[in-house]
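Residue numbers (the numbering used here), protein chains in the order written: chain A, 120 to 507; chain B, 120 to 507. Ideal Cβ positions, reconstructed from N, Cα and C, are used throughout, including at glycine. Notes to accompany the following structure.
Protein chains: 2
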Amino acid sequence: MRAGPSQEEIRRQNLGALLRLVHMRGQISRAELTSELGLNRSTIGALTSDLTATGLVSEEAPRETGRAGRPSLVVRASSEQVYVYAANIGVDRITAARVGLGGVILDRRESTRPSGDVVPPLRSFIQSMESKVDTDARCFGAGISVCGLVRREDGMVRLGPHLGWLDQPVGIALQEELPDLLPSVVVGNVADLSALAEHTRGAGVDCSNIIYVYSDVGIGAGIIAGGRRVTGHGGYGGEVGHMVVHPNGRPCGCGSRGCWETEVGEEALLRLSGRTGQSGREAVLAVVDAAVRGDAEAQAAVRHVGDWLGFGVANLVNIFNPELVIFGGTLRDVYLAAAAQVRSRLNHNALAACREHVRLRTPQLGDDAPLLGAAELAFEQLLADPLG
Amino acid sequence: MRAGPSQEEIRRQNLGALLRLVHMRGQISRAELTSELGLNRSTIGALTSDLTATGLVSEEAPRETGRAGRPSLVVRASSEQVYVYAANIGVDRITAARVGLGGVILDRRESTRPSGDVVPPLRSFIQSMESKVDTDARCFGAGISVCGLVRREDGMVRLGPHLGWLDQPVGIALQEELPDLLPSVVVGNVADLSALAEHTRGAGVDCSNIIYVYSDVGIGAGIIAGGRRVTGHGGYGGEVGHMVVHPNGRPCGCGSRGCWETEVGEEALLRLSGRTGQSGREAVLAVVDAAVRGDAEAQAAVRHVGDWLGFGVANLVNIFNPELVIFGGTLRDVYLAAAAQVRSRLNHNALAACREHVRLRTPQLGDDAPLLGAAELAFEQLLADPLG
């Protein structure tokens, strides 16, 4: 049970709410802050001064508005000076970026994923980016996105089937490599973090109930319900790829049979299009391209996968009654090529009330969503207590 | 974005938090309130006085504790004086109860469900109970639990397939019948409300991630994630009965095929046990009884349904990573008779990390859960603003 807060807690809450708004919008006028936060002008002025004094935000006069009256000062996130590092460990590639407050990608590095330990290349990426940073800038930590099951408590990657990972403490390992630079390293699942990013600054900004279905070989979902992330007891929720939709279907790597992933994952599309043995994003996109160009075998494969994609999405729509379903990773292109199948199956299988307001969309942040989501996670502590 | 609250909001928040604790526990000492709410003794004293003055709670010296020192006063919910009405509209039966603050069922009425309008019998039940109430007692409204899809915004029952309902404004209709007694009537789905009740004062008190699977002919789920109800954009979430688990399965009343409900619902169990044409709770329990007594056909039916029950539960465990799954309604007895099948299927189909801490349980509140959940919904406004 939560009692009302103390004066000090209220100040912290207000500072956090103000900084979060600046972070979400990049820049925002004092007048908008006043109206959005429901606080009076003098309180907004005092809070902004506190944040300006610590260098988290800056204030400046807006450009000429052409309107009469004194224009409201614009509060801007100090993106260049206040930043985190973000990384995404995909099946084929690893990416790292420096992300400034306000969600601005300031620098980035990328390479194929090494077969061995990913920590040394991530450390090199970060050191290389850090060498170009102004000395007055401050790093607030790092976030890592992984296609695997991540324990919320400590960021342990319990299982990354398509990475060949079992119990990998990748966050702790990276933090130990760069202890002076990174006060902490947080880790999350790629679909969860992509959903968080799209909800914060992408296609789902105005939606409280979102399912972000993501594929990178396997399938997972990031779920936002009632405006909050649904990650479950240990942090492992969203494993929709292992929802059984076809009990007599093909064996799945998880030990079960007929998981959604076996019908709509990369392997299924490549096999059905006669490309068994191929793998990777480029191969998936080649099938979609071939289908669009009229290749009958590729078209049949895309239709099959689109139909099963619709089956699973209909299940999730019945369970969650979302406003928005976003198709990310390689599912973005599969969805675009099979939108008619997906929509038709959804209309047939989902209850009318559950699907009536749902929109099907591709990501607004594209392939940056995992990085921006990892950065959100890394900024979380600063936003909860800006002067702490 | 939420700014910190004003002084008046803090007081309201504190009063609400205190009253909610008293409501959840029935009675609680001032010392416990102080420690649980993290407020000092004088604040607790002032808040309690405010609530006592309005008759929502009463204070008294505790029974002799045998310990030295002055014992802490006990704050008790005024259950007899502060109450709501709750109703549950099931497929076979309708039930109504007077429920006091603290979740105490003070009186109840029950009958078979009429084939026509349920509002007249509900009105009679309430009038009959109301005639026995002290004149100084106050009714704070009513809550209705329905096995159907309920629009959160206004309580409209959009679809109650097993009730034969389409767009039934049952809450508004009842409120219009008893405008002087009922300031408002709120409506919710039976599985959602049962989950809420078990989370508030039943098997799920200490759990933040719960799935309550409920059957009364059809199948639905109430979902608590991160301590909050997951009801979706319009309020229709939790329709797990229409998750397709068997695409080549039997046609479902929803127009789809192979929905979970077609494999584990009442009709499936009765058909598989050679009782096609029978229906209702008693018939389901008779099959379970026959299976326990060794009837081979009934045993096979229960095993089949148990296996499919496990399939669906495994899907939900992969999606939600809950701590607790509760089997309510007729699924309670089916689960008890087929627990081995359910657990075995869960172990086989759910990822180890997703299922590792999940407990499978029957309801602690039994068949009262829908009534107590409806009462929770009806008390919500009072608890949010006790002096409002």
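For this session: Kindly indicate which residue of B:Glu499, B:Val444, B:Leu491 has the alpha-carbon position closest to the one of B:Glu475.
Result: Comparing C-alpha distances from B:Glu475 to each of B:Glu499, B:Val444, B:Leu491 shows the shortest one belongs to B:Val444.
Exercise. Rounded C-beta distance between B:Gly72 and A:Asn328? I'm assuming under 8 angstroms.
Worked result: Since the displayed chain B opens at 120 and closes at 507, residue 72 of chain B lies outside it and no answer follows.
Problem set entry | Segments of 3+ residues assigned as beta strand (DSSP E) that fall wholly inside the stretch 127-156 of chain B | Taken in chain order, the whole beta strand (DSSP E) runs of length 3 or more contained in the stretch 127-156 of chain B are 146-148.
For this session: Please name the residue in A:Leu170, A:Arg195, A:Asp169 whose C-alpha comes closest to that of A:Pro181.
Result: Considering only alpha carbons, the answer is A:Arg195.
For this session: Can you tell me which of the three DSSP states B:Arg390 falls into?
Result: Residue state, collapsed to three classes: helix.
Exercise. If you run the structure through DSSP and keep just helix, strand and coil, what is A:Gln483?
Worked result: Shown here, A:Gln483 sits in coil according to DSSP, grouped into three states, outside any helix or strand.
Problem set entry | Closer than 7 angstroms to chain B by CB, A:Tyr355 | Taking 7 angstroms as the threshold, the shortest C-beta distance from A:Tyr355 to chain B falls below it.
Exercise. How would you write the range of the beta strand (DSSP E) that A:Ala265 sits in, first residue to last?
Worked result: First, the amino acid is wrong: residue 265 of chain A is Val here, not Ala. Where A:Val265 is concerned, the enclosing beta strand (DSSP E) stretches over 257-265.
For this session: Return no unless some Cβ of chain B is closer than 7 angstroms to the Cβ of A:Phe439.
Result: Yes, A:Phe439 lies at the interface with chain B (some Cβ there is under 7 angstroms from its Cβ).
For this session: Could you tell me how far apart the beta carbons of A:Val359 and A:Gly339 are, in whole angstroms, since I believe they sit closer than 8 angstroms?
Result: A:Val359 to A:Gly339, Cβ: 7 angstroms. Contact.
Problem set entry | One or two residues paired with A:Glu229 in a DSSP bridge | Bridge pairing for A:Glu229: A:Thr214 [DSSP].
For this session: Check whether the Cβ of B:Ala344 lies closer than 7 angstroms to any Cβ atom in chain D.
Result: In the displayed structure, chain D is absent; the protein chains listed are A and B.
Exercise. Which one or two residues does DSSP pair with A:Trp284 in a beta bridge?
Worked result: DSSP output for A:Trp284 lists A:Gly279 as bridge partner(s).
Exercise. With 7 angstroms set as the bound, which would you pick, yes or no: does the beta-carbon of B:Met248 sit closer than that to a beta-carbon of chain A?
Worked result: Interface annotation, B:Met248: not in contact with chain A, CB-CB separation never under 7 angstroms.
For this session: Determine the DSSP secondary structure at B:Gly492, reduced to helix, strand or coil.
Result: B:Gly492: helix per DSSP, three-state reduction.
Problem set entry | For B:Ala261 and B:Ser303, the rounded distance between their alpha carbons | Using only the alpha carbons, I get a separation of about 6 angstroms.
Problem set entry | Member of B:Asp325, B:Phe244, B:Asp253 whose CA lies at the smallest distance from the CA of B:Glu296 | Distances from the CA of B:Glu296 to each of B:Asp325, B:Phe244, B:Asp253 were compared; the closest alpha carbon is that of B:Phe244.
Exercise. Are the beta-carbon atoms belonging to B:Val336 and B:Glu385 less than 7 angstroms from one another?
Worked result: Contact check for B:Val336 against B:Glu385 passes: the beta carbons are separated by less than 7 angstroms.
For this session: Would you kindly report the start and end of the unbroken beta strand (DSSP E) that includes B:Ala206?
Result: It spans 201-208 - the beta strand (DSSP E) in which B:Ala206 sits, taken as one unbroken run.
Exercise. In chain order, what residues of the same chain lie with their CB nearer than 6 angstroms to the CB of B:Asp504, ignoring the 5 residues before and after it?
Worked result: The residues are Arg131.
Problem set entry | Assumed close pair A:Gly429, A:Leu391 - CB separation to whole angstroms, cut-off 8 angstroms | Going by Cβ atoms, the distance from A:Gly429 to A:Leu391 rounds to 16 angstroms, so no, they are not a contact pair.
For this session: Could you give the DSSP three-state label for B:Asn434: helix, strand or coil?
Result: DSSP places B:Asn434 in the helix class (H, G or I) of the three-state scheme.
For this session: Leaving aside the five residues before and after A:Thr395 along the sequence, list all residues of the same chain whose C-beta is less than 7 angstroms from its C-beta, in chain order.
Result: Residues Leu389 of the same chain have their beta carbon placed closer than 7 angstroms to that of A:Thr395, with the five preceding and five following residues left out of the count.
Exercise. Going by DSSP, which residues form a beta bridge with A:Arg195?
Worked result: As computed with DSSP, A:Arg195 is found in a beta bridge with A:Gln146, A:Ser177.
Exercise. Where does B:Ser334 fall in DSSP's three states?
Worked result: Three-state result, B:Ser334: strand.
Exercise. Are there 16 or more other CB atoms within 10 angstroms of the CB of B:Leu470, so buried, or fewer, so exposed?
Worked result: With 16 or more Cβ atoms within 10 Å of its Cβ, B:Leu470 is classed as buried.
Exercise. Chain A beta carbons: is any one of them nearer than 7 angstroms to that of B:Gly393?
Worked result: Not an interface residue.
Exercise. Is the stretch 224-239 of chain A touching the stretch 409-418 of chain A in the sense that three or more CB pairs, one from each, lie closer than 8 angstroms?
Worked result: The stretch 409-418 of chain A is not in contact with the stretch 224-239 of chain A.
Exercise. On the three-pair Cβ rule with 8 angstroms, is the stretch 131-140 of chain B touching the stretch 194-212 of chain A?
Worked result: Too few Cβ pairs lie closer than 8 angstroms, so no.
Exercise. Which residues of chain A have a Cβ atom closer than 7 angstroms to the Cβ of B:Gly375, listed in chain order?
Worked result: The question names Gly, but residue 375 of chain B in the sequence shown is Ser. For a Cβ distance threshold of 7 angstroms, residue set His467, Asn468 of chain A lies close to B:Ser375, ordered along the chain.
Exercise. Looking at the C-beta of A:Leu268, does it have a partner C-beta in chain B at a distance below 7 angstroms?
Worked result: So, interface residue.
Problem set entry | Neighbour list for B:Ala433 in chain A, Cβ cutoff strictly below 9 angstroms | Chain order gives the chain A residues near B:Ala433 as His361, Met362, Val363, Ser375, where near means a beta carbon separation below 9 angstroms.
Exercise. At a CB-CB cut-off below 8 angstroms, which residues of chain A make contact with B:Gly351?
Worked result: Residues of chain A passing the Cβ test: Asn328, Ala344, Phe439, Asn440, Pro441, Cys473.
Exercise. What is the residue span of the alpha helix (DSSP H) that B:Val364 lies within?
Worked result: Per DSSP, B:Val364 is not a residue of any alpha helix (DSSP H), being assigned neither H nor E.
Exercise. Do the stretch 448-456 of chain B and the stretch 285-293 of chain B make contact, defined as three or more Cβ pairs closer than 8 angstroms?
Worked result: Touching, no.
For this session: Let me know if B:Pro298 comes out buried or exposed under the rule of 16 or more other beta-carbons within 10 Å of its beta-carbon.
Result: The residue in question, B:Pro298, is exposed, as its Cβ has fewer than 16 Cβ neighbours within 10 Å.
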